[in-house]
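Here's the structure we're looking at; comments come further down.
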Amino acid sequence: MVDAQLPIEQRPRPLRTLFLDFNAYFASIEQQENPALRGKPVVVAPVDAETTCCIASSHEARRFGIKCGTMIRDARRMCPGVIVVRGDHAV
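Under the working numbering, the residue at position 10 of the sequence shown is numbered 880, and the numbers go up by one with no gaps.
Listed below in structure tokens is the structure:
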């Protein structure tokens with residue numbers, strides 16, 4: 871059957887969007903830019919506030935159960951030594 875004869879929902883569609891999820895990407899970038907953060911639990915937040923959430927967490931922070939979406943105040947409770955870095959979009 872020719873594509874044009876297929877119902878529209880069954881016609882092949884070209885790929886238009888590609889979603890990539892780089893594991894711990896923003897936290898890893900911060901650790902790369904600042905060697906003092908390497909090997910330490912790091913989370914990235916969009917603003918400097920306890921009421922916001924993590925937009926990324928390093929592998930070290932994930933060992934404490936901290937993940938994307940964890941509130942900063944909860945991350946500090948889960949890992950008292952966690953380092954919170956404000957996201958730098960220029961990086």
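All C-beta atoms in this analysis are idealised placements derived from N, C-alpha and C, irrespective of residue type, glycine included.
Contact under 8 Å by Cβ, residue i with residue j
i	j	result
Pro916	Ile953	no
Residue i to residue j span [Cα, whole Å]
i	j	result
Ser927	Gly957	11 Å
Glu920	Asp944	9 Å
Ala874	Pro884	15 Å
Leu876	Pro882	9 Å
Thr922	Val955	12 Å
Glu879	Arg886	16 Å
His929	Met941	17 Å
Gln902	Ala894	12 Å
Met948	Gly939	14 Å
Gly951	Ala960	26 Å
Leu890	Ser898	16 Å
Cys924	Leu888	24 Å
Chain D within 8 Å of residue i, Cβ atoms only
i	result
Val954	No chain D is present in this structure, which holds just one protein chain.
Residues sharing a beta bridge with residue i, DSSP
i	result
Ala945	Partner(s): none; Ala945 has no beta bridge.
Ser927	Val913
Assumed close pair residue i, residue j - CB separation to whole angstroms, cut-off 8 Å
i	j	result
Val914	Phe896	5 Å
### Task
Scan the stretch 893-922 and note each continuous alpha helix (DSSP H) run of 4 residues or more that stays entirely inside, going in chain order.
895-903
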